[in-house]
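First to last, the protein sequences are chains A and B.
Everything in the first sequence is counted per my numbering, starting at 1 for the first residue and increasing by one.
Everything in the second sequence is counted per my numbering, starting at 115 for the first residue and increasing by one.
Notes follow once the structure below has been shown.
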Amino acid sequence: AQSVTQLGSHVSVSEGALVLLRCNYSSSVPPYLFWYVQYPNQGLQLLLKYTTGATLVKGINGFEAEFKKSETSFHLTKPSAHMSDAAEYFCAVSDPDSSYKLIFGSGTRLLVRP
Amino acid sequence: EPEVTQTPSHQVTQMGQEVILRCVPISNHLYFYWYRQILGQKVEFLVSFYNNEISEKSEIFDDQFSVERPDGSNFTLKIRSTKLEDSAMYFCASSTSGIHEQYFGPGTRLTVT
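Laid out in structure tokens, this is it:
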């Protein structure tokens with residue numbers, strides 16, 4: 001069965017600092033991988049996705065993630081944090097053999113200090 | 115930009131009552147999903163729906179739950195007899211195809227008292 005592990009339920013960075021949110025997945029088939037962001041009292045917004053092709057994917061708001069098959073990782077990064085990045089971030093994996101449902105990690109709350 | 119909409123935004127109901135949560139997916143999408151998020155926990159898959167039938171359901175989606183696409187636009191989740199543990203945020207999502215990203219609605223917060 002597929003699963004997603006996000007290390008760190010809370011990550012705190014200073015404004016302007018590097019953001020690194022970790023995601024490891026388990027999948028028996030080539031996965032499709034996603035990062036979603038959830039702002040307070042809102043739904044889930046897609047940040048970026050990996051399906052095939054280039055392993056470094058760029059998303060909205062300056063975020064990017066790299067698919068590393070050997071490490072079964074899909075970590076999310078942003079070179080310089082902004083106060084508006086404060087939110088909850090969810091990594092998810094989709095199984096093409098299983099209705100493409102999304103399996104989510106437990107989420108990482110990003111706090112940005114001024 | 116097209117978006118998934120959900121109504122109501124918040125529903126309070128008493129234990130044992132039936133509730134229907136409504137979703138309007140993006141118009142050209144073919145795959146539909148319901149997820150739920152209990153407060154402080156991860157988002158969990160409930161059910162997927164394609165070609166007017168359920169394609170997969172989770173263990174959570176027992177006989178108390180049902181989904182329907184009554185017309186060309188709405189997609190509903192019915193809980194027949196609500197329990198306290200059904201209190202959660204329920205998200206609807208849709209996509210054009212399986213490999214494409216799912217677009218989520220803003221959610222319906224269900225509170226069962």
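Just so you know, even glycine gets a beta-carbon here, dropped at the ideal spot from N, CA and C.
If you follow the beta strand (DSSP E) that residue 125 of chain B is in, where does it begin and where does it stop? 124–127 is the span of the beta strand (DSSP E), which, as asked, contains residue 125 of chain B.
Measure from the alpha carbon of residue 124 of chain B to the alpha carbon of each residue in B:115, B:201, B:208 and B:216, then state which is nearest. Checked all of B:115, B:201, B:208 and B:216; the closest Cα to residue 124 of chain B is B:201.
Are at least three pairs of beta-carbons, each pair with one atom in the stretch 102–113 of chain A and one in the stretch 15–23 of chain A, less than 8 Å apart? Verdict: yes, contact present.
Residue-chain proximity (residue 96 of chain B, chain A), Cβ-Cβ < 8 Å: Outside the modelled stretch of chain B, which goes from 115 to 227, sits residue 96 of chain B, for which no answer is possible.
Please report how far the alpha carbon of residue 216 of chain B lies from the alpha carbon of residue 145 of chain B, in whole angstroms. The alpha-carbon atoms of residue 216 of chain B and residue 145 of chain B are separated by roughly 9 Å.
Let's test the definition: count the other Cβ atoms within 10 Å of the Cβ of residue 95 of chain A and tell me whether it reaches 16, buried, or not, exposed. The residue in question, residue 95 of chain A, is buried, as its Cβ has 16 or more Cβ neighbours within 10 Å.
For residue 156 of chain B, would you say it is in contact with chain A, using Cβ-to-Cβ distances shorter than 8 Å as the test? The C-beta of residue 156 of chain B comes closer than 8 Å to at least one C-beta of chain A.
8 Å Cβ cut-off: residues of chain B touching residue 32 of chain A: Under a criterion of Cβ atoms nearer than 8 Å, the residues of chain B adjacent to residue 32 of chain A are, in order, 213.
State the DSSP-derived secondary structure class of residue 165 of chain B, mapped to helix, strand or coil. It is coil, neither helix nor strand.
Could you check the C-alpha separation between residue 93 of chain A and residue 10 of chain A for me, to the nearest Å? One Cα belongs to residue 93 of chain A, the other to residue 10 of chain A, and the distance between them is close to 21 Å.
Considering only their Cβ atoms, is the gap separating residue 56 of chain A from residue 86 of chain A smaller than 8 Å? No, they are not a contact pair.
Buried or exposed (CB count within 10 angstroms, at least 16 for buried), residue 203 of chain B: When all chains shown are included, residue 203 of chain B counts as buried.
Mapping DSSP to helix, strand and coil, what is residue 198 of chain B? Residue state for residue 198 of chain B is assigned as helix, using DSSP reduced to three classes.
Close Cβ partners of residue 164 of chain B (< 8 Å) along its chain, the five nearest in sequence each way excluded: Within the same chain, residue 164 of chain B has close Cβ partners 144, 145 and 146.
So for residue 134 of chain B, helix, strand or coil by DSSP? Three-state DSSP puts residue 134 of chain B in a strand.
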